[in-house]
Amino acid sequence: MTLTYSEEVADARRDNRPIVALESTIITHGMPYPQNLETARTVEQVVRDNGAVPATIAISGGEIHVGLNDAALDQLARTPDAMKLSRADLAVALANGKTGATTVAATMICAARAGIDVFATGGIGGVHRGAEASFDISADLRELSKTAVTVVCAGAKAILDLPKTLEVLETLGVPVIGYGTDVLPAFWSRTSELAIPLRMDHAAEIAAAHKMRASLGLEGGQLVTNPIPQEAEIPSDYLNPIIEQAVSEAEAQSISAKKVTPFLLARIVELTAGRSLISNIALVKNNARLGAEIARALQTDA
Ligand code: PSU
Ligand code: MN
0 MTLTYSEEVA DARRDNRPIV ALESTIITHG MPYPQNLETA RTVEQVVRDN
50 GAVPATIAIS GGEIHVGLND AALDQLARTP DAMKLSRADL AVALANGKTG
100 ATTVAATMIC AARAGIDVFA TGGIGGVHRG AEASFDISAD LRELSKTAVT
150 VVCAGAKAIL DLPKTLEVLE TLGVPVIGYG TDVLPAFWSR TSELAIPLRM
200 DHAAEIAAAH KMRASLGLEG GQLVTNPIPQ EAEIPSDYLN PIIEQAVSEA
250 EAQSISAKKV TPFLLARIVE LTAGRSLISN IALVKNNARL GAEIARALQT
300 DA
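Residue numbers (numbering that gives the first Met the number 0): 0 to 301.
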């Protein structure tokens, strides 16, 4: 297996500095160009500004790239037909020299191989609405139960069935941690109706729990849910009908499997005339900052 480190990440590894993994499906399938590129660059800078080194992960030429330089980031952002790689696709894409972007699941796998403990993103995949008929449950959930990476997100989008997503995470033994909150954050909204299973208010506590899982020999990671900054929140009475519309359009057009999440994300950006995208960018930055703090905390009391 071939891991290729960017110069910045290679330096950080040599100097034992904290590293935060970042995914690339959010770039190719989660946001439109050019906001995807601007966001990827900004998020990397937020990680640096908070004392850690960003490692955006993607696949090309049979290599797992851990850290992309600016030219590589630019190229990926202009490749919307890059493969969307989850656990099932990763080896196939690598073995056949394909270009692909990693989802949360695949980014966790690559981060773990590279010895990176923390990964920051926007939203994870989960149990889709109507999963009782479609069986559409993201491989992200099972990955969280298998791979020892702490993933920072802003909760899950209401395109998913949030109660079912929480139930599956509980079944799989994944700790769902609210950062400074008693309720599950719902991506564009700081709150939901769902109580958070575990609450922590400091990055150091999250880092300590990450280490404790390892010393107990527990496989799997942790899911940290970080509420969107207040000023970037979108009221749910504005957003809910839009989500309903996007979900029913997906059904009407028989969108299935890997295409569901990208379809819904793009449609919601259109239907909100870009407002959802602005909030999405704000919350990813917020998660990058917390990810950097956790990565630093893991380093300090090593
Ligand atoms: N949810 C978001 N933004 C995203 C994704 C999910 O709010 O960009 C992306 C992530 O890469 C996630 C993937 O891992 O979609 C989940 O896809 P699926 O539901 O097909 O597993
Ligand atoms: Mn799916």
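For each residue, glycine too, the CB sits at the ideal point set by N, CA and C.
I'd like to confirm something about residue i: is its beta-carbon nearer than 8 Å to some heavy atom of the ligand MN, or not?
| i | result |
| --- | --- |
| V167 | no |
| V259 | yes |
| D303 | Lying before the first or after the last residue shown, residue 303 is absent from the chain, which here runs from 0 to 301. |
| A39 | no |
| H28 | no |
| A256 | yes |
Contact defined as beta carbons within less than 8 Å: I believe residue i pairs with residue j. What is the distance between those atoms, to the nearest angstrom?
| i | j | result |
| --- | --- | --- |
| L238 | L193 | So it is not a contact: roughly 17 Å between Cβ atoms. |
| A57 | A100 | 6 Å |
| V117 | A294 | 4 Å |
| L140 | L183 | In fact, because the Cβ distance is near 14 Å, the residues do not count as touching under 8 Å. |
| S5 | G66 | 3 Å |
| A245 | I267 | 5 Å |
| V126 | L159 | 6 Å |
| P234 | N285 | Incorrect: roughly 18 Å between the Cβ atoms, too far for contact. |
| A281 | A231 | 4 Å |
| G219 | L143 | 6 Å |
| A110 | L72 | Not a contact, Cβ separation roughly 17 Å. |
| A11 | I18 | 5 Å |
With a threshold of 8 Å (Cβ to nearest heavy atom), would residue i be considered close to the ligand PSU?
| i | result |
| --- | --- |
| L98 | In the sequence as presented, Leu is not what sits at residue 98; that position holds Thr. T98: no, Cβ never under 8 Å from the ligand PSU. |
| S191 | no |
| E22 | yes |
| F118 | no |
| D305 | This structure cannot speak to residue 305, because the chain is shown only from 0 to 301. |
| G60 | no |
| V52 | no |
| G124 | yes |
Thinking C-alpha only, which one of the options is nearest residue i?
| i | options | result |
| --- | --- | --- |
| N225 | L159, L21 and V175 | V175 |
| T41 | L297, A296, V103 and I277 | I277 |
| T149 | V126, V173 and L159 | V173 |
| G154 | L143, E142, W187 and R128 | W187 |
| A87 | R13, G220 and A104 | A104 |
| H201 | R288, G124 and L171 | R288 |
| P240 | I280, L270, A185 and L222 | L270 |
| H28 | R77, A113 and I63 | R77 |
| G216 | K284, S59 and K145 | K145 |
| Y178 | L197, A291 and P162 | L197 |
| L93 | N286, V223, T1 and L297 | T1 |
| R274 | Q34, S253 and I26 | Q34 |
| L75 | P31, S255 and Q44 | P31 |
Go to residue i, then tell me how far its alpha helix (DSSP H) extends in each direction, as first and last residue.
| i | result |
| --- | --- |
| Q34 | Q34 to D48 |
| E243 | S235 to A251 |
| I108 | V103 to R112 |
| I63 | Note, I63: premise wrong, no alpha helix (DSSP H); beta strand (DSSP E) at E62 to V65. |
Over what stretch of residues does the beta strand (DSSP E) that includes residue i continue unbroken?
| i | result |
| --- | --- |
| T224 | Q221 to T224 |
| R189 | That residue, R189, is in no beta strand (DSSP E); it is neither H nor E in DSSP. |
| M199 | L197 to M199 |
| M82 | M82 to L84 |
| A119 | V117 to A119 |
| A272 | No beta strand (DSSP E) holds A272; DSSP gives it neither H nor E. |
Answer with yes or no whether the minimum CB distance from residue i to chain B is below 9 Å.
| i | result |
| --- | --- |
| L289 | No chain B is part of this structure, which consists of one protein chain only. |
**OP:** Please confirm if the segment 189-208 is in contact with the segment 119-139, defined as three or more CB-CB distances below 8 Å between the two stretches.
**Re:** no
**OP:** Kindly confirm or deny that the segment 11-27 and the segment 109-128 touch, where touching means at least three C-beta pairs closer than 8 Å.
**Re:** yes
Subject >> Stretch pair the segment 93-110 + the segment 44-53: three plus CB contacts closer than 8 Å >> reply: no
**OP:** Could you say if the segment 239-259 and the segment 212-229 meet the contact criterion of at least three C-beta pairs nearer than 8 Å?
**Re:** no
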